[in-house]
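Chains as they are written, first to last, in this note's numbering: chain G, 1 to 359; chain Y, 1001 to 1368.
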């Protein structure tokens, strides 16, 4: 087994920033997950990051995640053992040892949570995830496209409750797990989508955790060198700069458990006299300039502060912020008809077709 | 009112069982009709279900408790697929790594009287003559089993589509109620629930005994009285030891859905011996308290039953309406539901009546 790299306490800072960038405005603040991961690494030692191709075909791989409302997750901290409890409970249900840990969602808080389990269990962590970004619902993973069932799945809370789900579809898993998560106080920790190494090689969006680390490093070194962090970031991600402007108006409403809304950005510099409209639903989903759609989900749309390159979440958007809008293409697995059906604009109830962003 | 021998449940028993169960439902518990049809189908196809006395099985036999969970009104329209409780029971067996020797009813009152019969017919198991309430109550933890220490996990819930959720660890019985309630709502407000296996010695000590037989006998009394054109209300009172507390006409009914329950109040203008008096019944799925001219005369956990004054048909709270003529009878609940432990879970305080002190009813004379 070849280890790509060892992830130590300091590396988690970079990964958390990268996770926020891949979070495309949502996915929850990686801060809490970062602290948990750092604590676990201090206690158990660094995490070995491994390429998915290193897995044996019959290995058992399990992703872990935190589920719930991002706003709740930052205030109601996990008690500490839930992720490992969920992981070990799923191992029991499966009746065999798990061989590697996987990340479900590389964007937002869940870019950091798998490190907690990898450190505590001493198992390798696969360099990849099920989204290559953040999405709000648990069936929205490339694993679903590969026919992997989310169940058996274990859901744990801070009080000591644990639930095992066995469902007819991943959409039903989302529905039932969401209900339980709300009852658990708005956040829960889970182990789900158990899969073989063979399936993982096909289903995983590869390299996303090392990409998170690189994003953090890139922003850090550009700032240290007094270079333009946004340009360096765009270069690394292969992202287009869609717009540069000030937030003029924000409209937010909580609907069906999501933070839905619109933001209007008024252009500055070369974008003077132009207006960008952003639709979001936890994550940024559509960017439209003066009536022309520039980018839509599942391609990635992220807003960063123009000076620092720091990513901005949809819930922290404020009047007057000067932000640059970046967009870059999603993983090709999402660009299939099945992928668009699962996470395209129409799933999110927007009357828009997916417009693939050019490379 | 006890049957010391095991007996097979026959097709002809299902109608009286459902009538007796509806009466013991004290206005709630859901309509047993759909479950009765389902049980009848299974018996006609050759399944057999034996009713075993509490004394029958050895101490270390494992007993499963099953029941439907959800809104009774939904259960009537969204007909269950039929194997919800069976799937939940099998899921519990898998997690707990035990095989059930028999099933027992969570609540004899209403639709859940039929659930263990259906599951037993599907699994080829007998049903124990008893239940966890001796009536109907709206929440999962309100059984003698939980009141006297049954483990809240592992339990499982299953729906008509094939989804199962196992409650592997839950902090206590109240958490089980919360999770099961919320999951049942996500599943479409009707699902089957199976709780953790219980040892027979525990069930013997904590079950309300002989209630399957009691429901059957009440149903037979009602059918017999109707056939012989006797006064059904009189016959029910004479054979059960119930007491008539009020007769009158419904003059006002207020119902609202609050926290997943049908809550409300019915007002009754007295007639006969109660001419000029006003009766008032508080409702939370089941009838909770009867006041006559402002004085509480029957309260939970004792049974408050509305019977149609003419036909003796039990009237459930969701079909109460203006103009109905009713007889309100009271039946003492089993002693297991009157201890301080039970009061904490099913007494007037637990239902939000802090000012009421439970005053138990006395059992009236019982004639054959």
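Ideal Cβ positions, reconstructed from N, Cα and C, are used throughout, including at glycine.
Remember, it's a predicted structure, so these values are computed and weren't measured experimentally.
Cut-off 6 Å between Cβ atoms - residues of its own chain near residue i, not counting five sequence neighbours on either side
i: residue 83(G); result: 64, 116, 117 and 189
i: residue 38(G); result: 9 and 12
i: residue 301(G); result: 24, 284, 287, 295 and 327
i: residue 1002(Y); result: Note that residue 1002(Y) scores a pLDDT of 47, beneath 50, so its modelled location is shaky; the value from the coordinates is reported in the next line. Once the five neighbours on either side are set aside, the close Cβ partners of residue 1002(Y) are 1210.
i: residue 1311(Y); result: none
i: residue 1051(Y); result: 1007, 1009, 1127, 1129 and 1212
i: residue 278(G); result: 263, 284 and 287
i: residue 1014(Y); result: 1036, 1039 and 1040
i: residue 1071(Y); result: 1189
Per-residue DSSP class, three states only, for residue i
i: residue 348(G); result: coil
i: residue 1267(Y); result: strand
i: residue 260(G); result: strand
i: residue 214(G); result: helix
i: residue 1018(Y); result: helix
i: residue 75(G); result: helix
i: residue 1094(Y); result: helix
i: residue 100(G); result: strand
i: residue 137(G); result: coil
i: residue 1129(Y); result: strand
i: residue 318(G); result: coil
i: residue 1179(Y); result: helix
i: residue 1001(Y); result: Note that residue 1001(Y) scores a pLDDT of 42, beneath 50, so its modelled location is shaky; the value from the coordinates is reported in the next line. Of the three classes helix, strand and coil, the one that applies to residue 1001(Y) here is coil, per DSSP.
i: residue 85(G); result: helix
i: residue 1306(Y); result: strand
i: residue 240(G); result: strand
i: residue 1245(Y); result: strand
i: residue 31(G); result: helix
i: residue 266(G); result: strand
i: residue 1055(Y); result: coil
i: residue 1101(Y); result: coil
i: residue 24(G); result: coil
i: residue 46(G); result: coil
Own chain, CB closer than 7 Å to residue i, minus 5 neighbours either side, in chain order
i: residue 1360(Y); result: 1302, 1332 and 1338
i: residue 273(G); result: 267
i: residue 1026(Y); result: 1109, 1135, 1136, 1286, 1287, 1303, 1304 and 1305
i: residue 1343(Y); result: 1358
i: residue 1021(Y); result: 1032, 1108, 1109, 1110, 1113 and 1215
i: residue 1011(Y); result: 1040, 1043 and 1044
Cut-off 8 Å between Cβ atoms - residues of its own chain near residue i, not counting five sequence neighbours on either side
i: residue 1258(Y); result: none
i: residue 293(G); result: 286, 287, 352 and 355
Pick from the options that is closest to residue i, judged by C-alpha positions
i: residue 1183(Y); options: 180(G), 285(G) and 185(G); result: 180(G)
i: residue 1263(Y); options: 1270(Y), 1269(Y), 1253(Y) and 1334(Y); result: 1253(Y)
i: residue 1173(Y); options: 1193(Y), 1158(Y), 1206(Y) and 1152(Y); result: 1152(Y)
i: residue 1255(Y); options: 1231(Y), 1281(Y) and 1248(Y); result: 1281(Y)
i: residue 135(G); options: 105(G), 60(G) and 143(G); result: 105(G)
i: residue 1296(Y); options: 1223(Y), 1200(Y), 1355(Y) and 1326(Y); result: 1355(Y)
i: residue 1314(Y); options: 1233(Y), 1245(Y) and 1346(Y); result: 1233(Y)
i: residue 330(G); options: 321(G), 340(G) and 324(G); result: 340(G)
i: residue 114(G); options: 314(G), 41(G), 97(G) and 290(G); result: 41(G)
i: residue 17(G); options: 56(G), 312(G), 282(G) and 225(G); result: 312(G)
i: residue 303(G); options: 247(G), 271(G) and 270(G); result: 247(G)
i: residue 31(G); options: 74(G), 78(G), 68(G) and 184(G); result: 74(G)
beta-carbon residue i near the ligand NAP non-hydrogen atom, thresh 6 Å
i: residue 289(G); result: Annotation note on the ligand NAP: not contained in the displayed structure, which lists no ligands.
Any C-beta of chain C under 7 Å from that of residue i
i: residue 1333(Y); result: This model lacks chain C altogether, as its protein chains are G and Y.
Pairing CB atoms from the region 42 to 61 of chain G with CB atoms from the region 188 to 208 of chain G, are three or more of them under 8 Å?
yes
Please list the residues of the region 1163 to 1179 of chain Y that have a C-beta atom closer than 7 Å to any C-beta atom in chain G, keeping them in chain order.
1163, 1164, 1165, 1166, 1167, 1168, 1169, 1170, 1171, 1175, 1178 and 1179
Interface positions of the region 156 to 169 of chain G facing chain Y (Cβ-Cβ less than 7 Å), listed along the chain
159, 160, 161, 162, 163, 164, 165, 166, 167 and 168
If you measure beta-carbon to beta-carbon, which residues of the region 200 to 233 of chain G are closer than 7 Å to chain Y?
none
Mind the definition here: the region 1221 to 1232 of chain Y touches the region 1077 to 1088 of chain Y only if three or more C-beta pairs lie below 8 Å; say whether that holds.
no
Three or more C-beta pairs closer than 8 Å, one from the region 163 to 177 of chain G and one from the region 210 to 224 of chain G: is that the case here?
no
Positions along the region 313 to 345 of chain G whose CB lies within less than 9 Å of some CB in chain Y
none
Taking beta-carbon pairs under 8 Å, can you tell me which members of the region 176 to 199 of chain G lie near chain Y?
176, 178, 179, 180, 182 and 183
Can you confirm whether the region 236 to 246 of chain G touches the region 154 to 161 of chain G when touching is taken to mean that 3 or more C-beta pairs between the two stretches lie within less than 8 Å?
no
Beta carbons nearer than 7 Å to chain Y: which residues of the region 79 to 104 of chain G have them?
89
Touching by the beta-carbon criterion (3+ pairs, under 8 Å), the region 1101 to 1120 of chain Y and the region 1033 to 1050 of chain Y:
yes
Anything in the region 1326 to 1342 of chain Y with a Cβ closer than 7 Å to a Cβ of chain G? List those residues in chain order, please.
none
What are the residues of the region 1230 to 1259 of chain Y that lie near chain G, defined by any Cβ-Cβ distance shorter than 7 Å?
none
Identify each residue in the region 1179 to 1191 of chain Y for which the Cβ-Cβ distance to at least one residue of chain G is less than 8 Å, and report them in chain order.
1179, 1182, 1183, 1185, 1186 and 1187
Quick one: which residues of the region 1134 to 1166 of chain Y get their C-beta closer than 8 Å to a C-beta of chain G? List them in chain order.
1161, 1162, 1163, 1164, 1165 and 1166
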